[in-house]
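Quick notes on the structure that follows.
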Amino acid sequence: MLAVAIREFGSPEGLALIDRTAPVPAAGQVLIATEAIGVGGVDAVIRSGALAAYGFEKGHIPGSEVAGAVIAAGDDVDTSWIGQRVWAFTGLGGGYAEQAIASVEEIVPLPAGLSAVDAVTLGSSGVVAHFGLSHARFAPGESVLVRGAAGSIGIMTVQLAARGGAGAVAVTTSSLQRGERLRALGATHVLDRSGDGGRHAPAGYDVVIDVVAGPDLPSFLAMLNPNGRMVVVGAVGGQPPADFGTTMMAAFRKSTSFATFSADTVAAPDRRAVRTGQFAAASRGELRTVVHEVLPLEQAVSAHYKMDAGEVFGRIVLTP
Numbered sequence: 001m002l003a004v005a006i007r008e009f010g011s012p013e014g015l016a017l018i019d020r021t022a023p024v025p026a027a028g029q030v031l032i033a034t035e036a037i038g039v040g041g042v043d044a045v046i047r048s049g050a051l052a053a054y055g056f057e058k059g060h061i062p063g064s065e066v067a068g069a070v071i072a073a074g075d076d077v078d079t080s081w082i083g084q085r086v087w088a089f090t091g092l093g094g095g096y097a098e099q100a101i102a103s104v105e106e107i108v109p110l111p112a113g114l115s116a117v118d119a120v121t122l123g124s125s126g127v128v129a130h131f132g133l134s135h136a137r138f139a140p141g142e143s144v145l146v147r148g149a150a151g152s153i154g155i156m157t158v159q160l161a162a163r164g165g166a167g168a169v170a171v172t173t174s175s176l177q178r179g180e181r182l183r184a185l186g187a188t189h190v191l192d193r194s195g196d197g198g199r200h201a202p203a204g205y206d207v208v209i210d211v212v213a214g215p216d217l218p219s220f221l222a223m224l225n226p227n228g229r230m231v232v233v234g235a236v237g238g239q240p241p242a243d244f245g246t247t248m249m250a251a252f253r254k255s256t257s258f259a260t261f262s263a264d265t266v267a268a269p270d271r272r273a274v275r276t277g278q279f280a281a282a283s284r285g286e287l288r289t290v291v292h293e294v295l296p297l298e299q300a301v302s303a304h305y306k307m308d309a310g311e312v313f314g315r316i317v318l319t320p
């Protein structure tokens, strides 16, 4: 089968199309013939070499979510899964391939009205957005700022906050054009990347959901209202300054809170229940998936260049 592997860490040119033996599902696993493969921010971070200390080595196949048909099952897996169309989480790798392995606990059947492309646009991002807002204890009527709203996680957070009755949904983005697209998804205020939205923007926010982190994180901490909560759900901008907590201490009397959130801390049945509901909502048109571009698997290098350049609005999807 064909797959894309990291030949050299660094630029997207380090990705290479390879031919390798198809994997065999072990006990508790299924083998999926992929129809669509999501390209995520974590894929680009792994490819860059920034996470090499966590054990990623040359030859690693990126990709954490795929959709397609189950074609084989390992021991202890109900054979009725074979032939079903599913979304699957493959872990931190293995997805950029014509066939991918996933634990049976990490697959969700697809409703008839949902395409494989839409499934990998929503599958991971929707869960992070849902539980990220929950982690922030978001309540109807509160103001929400989504930092880095043009990616798939940000887009879903905007929609869920708006559907959840937010009093205001502000977004940071790189252009007015992107801002207008986010307004169509539920945003009420458009800010630039620094968080400046002019005199009509809210003076502060009850909840900040941050996909970016990076060196500018402290300035967004300073935008929290009294009792405000910031939750970092991604770090596409890198690590924040080591002393970012001094911003909170300087505003001690505001009683603000800071947290990180990873979907790894949510039980698999809970993740599956939320995905099932979101897939159904998307198939009914109640949630909108935003696909930037669909590219063939062999154009993974191009996909990563677009990611690195910040060109992507929504999700890039690869197809074998």
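Here the sequence shown stands for residues 1 to 320, numbered as in UniProt numbering. Every residue, glycine too, gets a C-beta built ideally from N, C-alpha and C.
Under the three-state DSSP convention, the category Q99 falls into: Secondary structure of Q99 (DSSP, three-state): strand.
Bridge partners - S283, DSSP secondary structure assignment: Answer by DSSP bridge pairing: none, since S283 is not bridged.
Pair within 8 angstroms by beta-carbon distance, M156 and A112: no
DSSP state of H60 mapped onto helix, strand, coil: coil
CA nearest to the CA of R315, picked from L295, A250, P296 and V290: Taking the Cα of R315 as reference, the smallest distance to any Cα among L295, A250, P296 and V290 is reached at V290.
DSSP-derived helix/strand/coil call for S257: strand
Candidates S124, G14 and I18: closest to E65 by CA position: S124
Segment limits, alpha helix (DSSP H) that includes V24: Premise fails: V24 is in no alpha helix (DSSP H) and is neither H nor E.
R183, enclosing alpha helix (DSSP H) - first and last residue: L176 to R183
Exposure label - P296; buried when at least 16 CB within 10 Å: exposed
A72 Cβ short of 7 angstroms to the ligand FMN heavy atom set: Here there are no bound small molecules, and the ligand FMN is not part of this structure.
Ordered list of beta strand (DSSP E) runs contained in the segment 224-259, each at least 3 residues: 224-232
Span of the alpha helix (DSSP H), counted from its first residue to its last, around S125: Annotation for S125: the continuous alpha helix (DSSP H) segment containing it runs A116 to H135.
Beta-bridge partners of E65, as assigned by DSSP: F89
Proximity of H60 and G93 at Cβ, strictly below 8 angstroms: Yes, Cβ-Cβ distance for H60 and G93 is below 8 angstroms.
Own chain residues within Cβ distance below 7 angstroms of G14, not counting five before or after: I6, R7, E8 and R47
Residue from K254, E180 and T79 whose Cα sits closest to the Cα of A27: T79
Where T247 falls, given that 16 or more other Cβ within 10 Å makes a residue buried: buried
L185 to F313 span [Cα, whole Å]: 13 angstroms
Opening and closing residue of the alpha helix (DSSP H) in which L221 lies: L217 to L221
Top-ranked residue by Cα proximity to P269, from S262, A44 and V108: V108
A280 to A170 span [Cα, whole Å]: If you take the alpha carbons of A280 and A170, they lie about 27 angstroms apart.
N- and C-terminal bounds of the alpha helix (DSSP H) containing V291: It is not in any alpha helix (DSSP H) - V291 instead sits in the beta strand (DSSP E) that spans V291 to P296.
For V274, the residue or residues it bridges with in DSSP: Residue pairing by DSSP places V274 in no beta bridge whatsoever.
CA nearest to the CA of F131, picked from T260, G310 and R284: T260
Residue range of the beta strand (DSSP E) that includes D210: Y205 to D210
Counterpart residues of R147 in DSSP-defined beta bridges: D210
6 angstroms Cβ shell around S257 - same chain, five flanking residues per side excluded: Here the set comprises R229.
Helix, strand or coil at I155 according to DSSP, with G and I counted as helix: helix
Whole-angstrom C-beta distance between R193 and S174, which should lie under 8 angstroms: That belief holds up - the Cβ atoms of S174 and R193 are roughly 6 angstroms apart, short of 8 angstroms.
Per DSSP, cross-strand counterpart(s) of H200: Looking at the DSSP assignment, H200 forms no beta bridge with any residue, so it has no partner.
Inter-residue Cα distance where the pair is A88 and V120: 9 angstroms
Selected residue, minimal CA-CA separation from V207, among V45, L287, L145 and G41: Checked all of V45, L287, L145 and G41; the closest Cα to V207 is L145.
For E105, the nearest candidate out of T34, G197 and T90 (CA to CA): T90
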